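Novice:
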Amino acid sequence: MTRYVLKRLAGAALVLLALSVLVYALFYVAPGDPARLACGERCNPQQIAQVRERLGLNESVVAQYLHFLQGVFTGRDYSTGTSVVHCDAPCLGLSYQNDQQVTRLIMERLPATASLALGALVVWLVIGVGTGLLSALRRGGPTERILTVLTLAATGTPVFILGLLLLMVVCAYLQWLPFPSYVPLGEDPEQWAWNMLLPWLTLGFFESAKYARLTRSSTLETLAEDHIRTFRAYGVGERAVVTRHALRGAVPPVIAISAVDLGYMFGGAVLTESLFGIPGLGKTLLEGVRSIDLPVVVGVVMVMGVAVVLAGVVADLLYAAADRRVVLT
Amino acid sequence: MTPQSTGPLVEVRDLTVEFDREGDPVRAVDGLSFTLGEGRALALVGESGSGKSTVAGALLGLHRGTGARVTGTVRVGGIDVADADPAELRRLRGGVAAMVFQDPLSALDPYYAVGDQIAEVYRIHAGGSRRDARARAVEVLDRVGIPDAARRSRSRPHEFSGGMRQRTLLAMALACEPRLIVADEPTTALDVTVQAQILDLLHELRRETGTALLLVTHDVGVAAESVDDVLVMRGGREVERGPVSGVLGAPSEPYTRRLLTAVPRLDGPVRPATAAPAGEPLLEAVGLRREFGRGKRAVTAVDGVSLTVHAGETLGVVGESGSGKTTLGRMLVRLLDPTGGRLRYGGAEIGALSERELRPYRRELQMVFQDPVASLNPRRSVGESIADPLRAAGERDETRIRSRVRELLDRVGLEPDRYEAYPHEFSGGQRQRVGIARALAAEPRVIVCDEPVSALDVTTQAQVTALLAELQAELGLGLVFIAHDLAVVRQVSDRVAVMRGGRIVEQGTVREVYGAPQDPYTRRLLAAVPSVDPAHAAERRGRRQELAAA
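Protein sequence lines, in the order shown, are assigned to chains A and B.
Numbers 168 to 496, taken from the numbering used here, label the letters of the first sequence in order.
Numbers 191 to 740, taken from the numbering used here, label the letters of the second sequence in order.
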C-alpha cells in the first residue's frame, strides 16, 4: 500500500514535469508578445525591449524553462530594476503583469476554489445519489421517467446557462438572494455561505446528473446480484435489502468518481467562477491566458495537474477502503 | 415450534410457473405435484431447463412480485406461500424453510463480514440483541466446521475458499433452526473432495437436527448420496418419482434410463485397451514449469511436469481447481510460455521458439475451451469463427473457405448451412461442437481440450465425448483431455495424469490409476466421487472418514 502510493507519486512527478514542458512549448509557439502586453498600450519599442529584458524573455526557451525549474526546487532571485526580490521555493515565477509572486497569488486564490468545489461536492452527493437511488427503486414507474428526463436535461444544459437561469430567477426575479459576491470564509462565515449558495447549486446540479445515473445503474446492478436474492430468501425486508445491501454496492464507484471530480474542480471550475465572479484559480487562469502571463498560466496548470493526479491516487485509496476485495499493487 | 397442521411439511399441488422471456411465455414448471414429510429428504433431479430450481424458488415464494405467473398450491409448514401476508412470508423464509444457494461466491454480500450476515438473518427471525445474534453466528459457523470461527466470522466472503463459503451458507441456513433446508445445487461449483465434505456435513447435520431436505441437483450421484426419494424432472414435468434405490436402481421410465446411462461412472465402460503407444511421441513435455508473478508474490502454477502424447491417444489430466491443469494445457499448445523445462513436438524443440518461429506449428496444436459461450465471439457468425484458423493459415479463397467450413460443420454434427448463424442461436452442446469445428479447421495433430464438457448436461456430455473419440479415431489425433471430473476422464482416456499443486502425483494407464491408485491423494479423490448407486453411499461415507483420519 505504501509502496503503491510512492509508486503513484513518482509517476505523478513525471506527469507534472511533462505538463510544464508542454505548457512552455505551447506558449512559445503561440502568437502574441507578452512584453508588449505587460508594458501597457502606450509603451514605445524601447520600453518594450526593456520589459522584455527584465522578464527574461530574451533568453532561449530552454534557458527560461530551466530557470523555472530552478525556481521550483531552490527558489530564485528577481531583479525589478531597482531592487532584488527573492522568491522562495517552490517559486513558480513572477507574474508578467504585476510582478506578483505566482505561488502567493495561487495561495490567495485557492480558498475560493476550494469553497466552491467542496460545497458543490455536498450538493451533488445529496442530490445525485438521492435521485439515482430513488429512480433505481421506482424503475419502470412514472417517478423514474420524470427523474430520467430531469437528469438528461441537467446533463445537457451548460453550466453557464444553468447559472444564468438561477441568477435571473433567484436574484433578479424573486429577489430571494442578493447577487453573489465572494466573501472569504475567514471574514464572515455566514455571508460566505449565502454568497456561495448559488455557485454551489449551479455546479452541484450540473454534476449531480452524472451521479444520479451512476448511482442508479450501480444500484440496479447490485440489486440483480445473487446475494440480494439470498437476503430476500431469508426474509430480510425490502427496505433493509436496498439500504443495507444494494446501496452499499453502489457506494464505491460514487466515492471514487467524486474524488476525481473534486480534483478537477480544485484546478478551478472556470465557467462557474467567471459567471459568479469568484476570485478562484479558474478565473486566474483565464486572465493569465488573456494577457499571455506565462508564469501565472504555468503555475495554475501545475496546481491543476497536482490536484488531478492526487485525486486519482485518493480515488484509488478510497475505492480500496470501500471495497476490501480490491488490492492495490 | 409446533406444526400448524397435520399435513406433510411440504405440499405442492399442480404447480405451474410461467415466465415471459422476450415477450413469449415460457412454462418453466408444468403441473408438478409432490409432498415431503417432516425430516425426509427429496431430490429434484434434472438437466438444465428442467424447471427444478424454479420449484425450489416457489417453495419460498421467491416468484412473488417478479412477474412470474404461479398457479397451483404450495404449502410449506402449513403456510400457503401464494396467499401468505408479507410478515408470514418473511417468517417462512429462513424461519421455516431456509435456502442454500448455488455458487457461493456471489450468494454472500461481498461488503460485510460473514458473521454479520448470518447475525442479520438470525435477528430477523429470533430477535434478540446484536451481541446474541453474533454469538449465534459464531456458534453455527463453528458447527459447520469453519476453523477458529470467532475470528473467521469477521472475514469477508472473498477471504474464504469456495468450500468455506458453501459452509457459511449452510451455517446461515442452520442459524434459525428451520424445519426444511432447500439446497439448490449446493456443491456444483466445488471440487469433488470439497463436495464430499459438504454432502457429508449436510448428512450429519440432518441426522442431528431432523431437518427435512429438498435438494435440487443435476448430478445423479449427489442425489444418490443424500436423499430418501428422487423426483426426476424434464421440461417442467415429473418423469419419475420414488425411493432413491428404486428410481436410480431400477428406473422404469426411458428418460431416467437414458439419463443414468449418460452419467459417467467409475464402474462404467472404459475405452478398449490399445497396444502401448510405440515410436516417437507426438508431443513431449520434460520438467515443464510456469511461474506467475515475481519476487515474494511468485506462484508456481506448474512445477516440473513431464508427459507424452502419442498420435491416436488420449491423455487425461485430472485435478482439482488450482492444480495447474489449465496452465499446463495452455503451455502444451504454447498459448502460455513455459518458464522452464522443455517442450518437444514432432521431434522439434518448441518450448522456447519465438512467435515467428512458432508459426508453422501453430495450426497443428489446437485447443478446445471449457466455456463454449465465452470462447466464441458473440458478435461474429459461427462460420466466421470457424474460418479464423483457415484465414490465419493464409487461406484467401472465399469459396474454398466456405466449403471447408460447411464440411467442418457437417463433420461435428451441425447443419452445414448455419455459417451465418450466431452463437446465441445454438445450445450449449452445439456451441461446444462449433468450438471443436474451429479447432479442427487447421487440421491439427494435437488438440488440448480444457474441461470441454463440464458446462454441459450429462446427455450432451456423452454426445460430445463420443464425437471427440470418433474424430480421434478418424484423424489419428493426439488428445489431451483436461477435466476435474474423474469419471469423465476415466471414460475417455487411455492414460491418465493426476495433478496436484502443479505436479503430477500419479500417471499411468486408466486401469492402473483407477484400479490400483498408488498415491494417497488419488485415493482420496476417487473416494470423493459420488456414486450413482445409493446402496453404496453409507459405505463410501465410512471409507472417506477412514481416509481422512489416515
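Using N, Cα and C, we set each Cβ at its ideal position, and we do this for glycine too.
Computed from a predicted model, the values in this text were never measured in an experiment.
Give me, in chain order, the residues of the same chain whose beta-carbon lies closer than 7 angstroms to that of L279/B; leave out the 5 immediate sequence neighbours on both sides.
Specialist: Reading the second sequence from its first residue, position 89 is the one you call residue 279/B. Excluding positions up to five away in sequence, the list reads G251.
Novice: Compute the beta-carbon to beta-carbon distance between V463/A and G472/A, rounded to the nearest angstrom, for a pair I have assumed lies under 8 angstroms.
Specialist: Here residue 463/A refers to the residue found at position 296 of the first sequence. Here residue 472/A refers to the residue found at position 305 of the first sequence. With a Cβ gap of about 15 angstroms, V463/A and G472/A do not count as contacting.
Novice: For R424/B, write down the residues that DSSP places opposite it in a beta bridge.
Specialist: Your numbering for residue 424/B matches position 234 in the second sequence. Paired residue(s): R427/B.
Novice: How is the alpha helix (DSSP H) around I422/A delimited, first residue to last?
Specialist: Here residue 422/A refers to the residue found at position 255 of the first sequence. Counting along the chain, the alpha helix (DSSP H) containing I422/A begins and ends at 414 to 433.
Novice: Taking the continuous beta strand (DSSP E) assigned at V262/B, which residues delimit it?
Specialist: Taking the second sequence and counting its residues from 1, the one referred to as residue 262/B is at position 72. In the sequence as displayed, the identity of residue 262/B is Gly instead of Val. Note, G262/B: beta strand (DSSP E), 259 to 266.
Novice: Going by beta carbon distance, what residues of the same chain come within less than 8 angstroms of N225/A, once the five residues before and after it are set aside?
Specialist: Your numbering for residue 225/A matches position 58 in the first sequence. Once the five neighbours on either side are set aside, the close Cβ partners of N225/A are R219.
Novice: Any idea what DSSP makes of L312/B, helix, strand or coil?
Specialist: Locating residue 312/B in the second sequence gives position 122, where the first residue counts as 1. Reading off the sequence, residue 312/B comes out as Tyr, not Leu. Secondary structure of Y312/B (DSSP, three-state): helix.
Novice: What is the residue span of the alpha helix (DSSP H) that F372/A lies within?
Specialist: Residue numbering aside, residue 372/A sits at position 205 when the first sequence is read from its first letter. F372/A -> alpha helix (DSSP H) spans 356 to 390.
Novice: So, do the stretch 409 to 424 of chain A and the stretch 325 to 335 of chain B have three or more beta carbon pairs nearer to each other than 8 angstroms?
Specialist: no
Novice: Applying the criterion that 16 or more other CB atoms from any shown protein chain within 10 Å of the CB defines a buried residue, is Y535/B buried or exposed?
Specialist: Position 345 of the second sequence holds residue 535/B. So Y535/B ends up on the buried side.
Novice: How far does the beta strand (DSSP E) with V406/B in it extend, from its first residue to its last?
Specialist: Here residue 406/B refers to the residue found at position 216 when the second sequence is read from its first residue. Looking at the DSSP string, the run of the beta strand (DSSP E) that includes V406/B is 402 to 407.
Novice: May I ask which residues mark the beginning and end of the alpha helix (DSSP H) holding F346/A?
Specialist: As a working mapping, residue 346/A is identified with position 179 in the first sequence. Here F346/A belongs to no alpha helix (DSSP H), and DSSP marks it neither H nor E.
Novice: Alpha carbons only, please: which of L261/A, Y378/A, R492/A, A303/A is nearest the one belonging to L222/A?
Specialist: Here residue 222/A is taken as the residue at index 55 of the first sequence, counted from 1. Of L261/A, Y378/A, R492/A, A303/A, the residue nearest in Cα terms is L261/A.
Novice: Nearest to R524/B by alpha carbon, out of T261/B, E228/B, S544/B?
Specialist: Sequence index remark: in the second sequence, residue 524/B carries index 334 (1-based). Out of T261/B, E228/B, S544/B, S544/B has the C-alpha closest to the C-alpha of R524/B.
Novice: Around the Cβ of F346/A, are there at least 16 other Cβ atoms within 10 angstroms (buried) or fewer (exposed)?
Specialist: As a first step, residue 346/A is located in the first sequence; it is residue number 179 there, counting from the start. Classification for F346/A: exposed.
Novice: Would you please verify whether the beta carbon of L226/B is less than 8 angstroms from any beta carbon of chain A?
Specialist: As a position in the second sequence, residue 226/B is number 36, starting the count at 1. No, because no Cβ of chain A sits closer than 8 angstroms to the Cβ of L226/B.
Novice: Taking a cut of 9 angstroms between CB atoms, which residues from the stretch 464 to 490 of chain A lie near chain B?
Specialist: Of all residues in the stretch 464 to 490 of chain A, the ones placed with a Cβ closer than 9 angstroms to any Cβ belonging to chain B are A489, D490, in chain order.
Novice: Rounded to a whole number of angstroms, what is the C-alpha to C-alpha distance between A289/A and E367/B?
Specialist: Position 122 of the first sequence, counted from the first residue, corresponds to residue 289/A. Position 177 of the second sequence, counted from the first residue, corresponds to residue 367/B. Before going further, note that residue 289/A is Val rather than Ala in the sequence given. Going by the C-alpha atoms only, they are around 46 angstroms apart.
Novice: Have a look at L298/B and S345/B and give me their C-alpha separation to the nearest angstrom.
Specialist: As a position in the second sequence, residue 298/B is number 108, starting the count at 1. As a position in the second sequence, residue 345/B is number 155, starting the count at 1. If I take the Cα positions, the gap works out to 12 angstroms.
Novice: Between S296/B and chain A, is there a C-beta pair that is closer than 8 angstroms?
Specialist: To locate residue 296/B, count along the second sequence from 1; it is residue 106. Yes, S296/B counts as interfacial toward chain A.
Novice: For M191/B, I'd like the list of residues in its chain whose CB is within less than 6 angstroms of its CB, leaving aside the five on either flank, ordered along the chain.
Specialist: Position 1 of the second sequence, counting from 1, holds the residue named residue 191/B. Only weak support is given to the placement of M191/B: the predicted model assigns it a pLDDT of 44, under 50, and the question is left unresolved by the model.
Novice: So, with DSSP's three-state summary, where would you put D374/B?
Specialist: Here residue 374/B corresponds to residue number 184 of the second sequence, with the count starting at 1. Three-state DSSP puts D374/B in a strand.
Novice: What is the rounded straight-line gap between the Cα of T169/A and the Cα of L368/A?
Specialist: By one-based count along the first sequence, residue 169/A stands at place 2. By one-based count along the first sequence, residue 368/A stands at place 201. Those two C-alpha atoms are separated by around 37 angstroms.
Novice: Any Cβ of chain A within less than 8 angstroms of the Cβ of L525/B?
Specialist: Translated into positions along the second sequence, residue 525/B becomes position 335. No - not a single Cβ of chain A is within 8 angstroms of the one on L525/B.
Novice: Checking contacts by CB at 8 angstroms: is R346/B closer than that to chain A?
Specialist: For the purposes of this step, residue 346/B is taken as the residue at position 156 of the second sequence. Chain A contact via Cβ: present.
Novice: Within its chain, find whatever has a CB closer than 6 angstroms to the CB of Q194/B; leave out the 5 residues flanking it on each side and keep chain order.
Specialist: For the purposes of this step, residue 194/B is taken as residue 4 along the second sequence, with counting starting at 1. Bear in mind that the predicted position of Q194/B carries a pLDDT of just 49, short of 50, making it unreliable; the figure below should be weighed with that in mind. For Q194/B, where only same-chain residues beyond five positions count, the Cβ hits under 6 angstroms are G268.
Novice: Can you list, in chain order, the residues of its chain with a C-beta nearer than 6 angstroms to that of R733/B? Leave out the 5 residues immediately preceding and following it.
Specialist: Within the second sequence, numbered from 1, the residue matching residue 733/B stands at position 543. Closer than 6 angstroms at Cβ, skipping near neighbours: A717.
Novice: Shorter than 8 angstroms from the beta carbon of Q194/B to some beta carbon of chain A?
Specialist: Counted from its first residue, the second sequence places residue 194/B at position 4. Low confidence applies here, because Q194/B scores a pLDDT of 49, under 50, leaving its location unreliable; read the following figure in that light. So no, Q194/B is outside the interface.
Novice: From this set, R217/B, R487/B, P720/B, A414/B, which residue's C-alpha is nearest T496/A's C-alpha?
Specialist: Mapped onto the first sequence, residue 496/A falls at position 329. Ranking the options by Cα distance to T496/A, first place goes to R487/B.
Novice: Can you check which of these residues, S644/B, G432/B, G506/B, is closest to R461/B by C-alpha distance?
Specialist: The residue given as residue 461/B occupies position 271 in the second sequence. Taking only the C-alpha atoms, the option nearest R461/B is G506/B.
Novice: Out of G353/B, Q556/B, P300/B, A323/B, which one is the CA nearest neighbour of I336/B?
Specialist: One-based indexing of the second sequence puts residue 336/B at position 146. Per the Cα distances, G353/B.
Novice: I'd like to know whether the C-beta of M168/A is nearer than 8 angstroms to at least one C-beta of chain B.
Specialist: The residue labelled residue 168/A in the question sits at position 1 within the first sequence. No, M168/A does not count as interfacial toward chain B.
Novice: State yes or no: is the beta carbon of L252/B nearer than 8 angstroms to at least one beta carbon in chain A?
Specialist: Counting from 1 along the second sequence, the entry for residue 252/B is found at position 62. Chain A contact via Cβ: present.
Novice: From what residue to what residue does the alpha helix (DSSP H) around F194/A run?
Specialist: As a first step, residue 194/A is located in the first sequence; it is residue number 27 there, counting from the start. Its alpha helix (DSSP H) spans residues 169 to 196.
Novice: Mind checking whether A452/B and Q651/B have CB atoms under 8 angstroms apart?
Specialist: Position 262 of the second sequence, counted from the start, is the residue given in the question as residue 452/B. Position 461 of the second sequence, counted from the start, is the residue given in the question as residue 651/B. A452/B places its beta carbon less than 8 angstroms from that of Q651/B.
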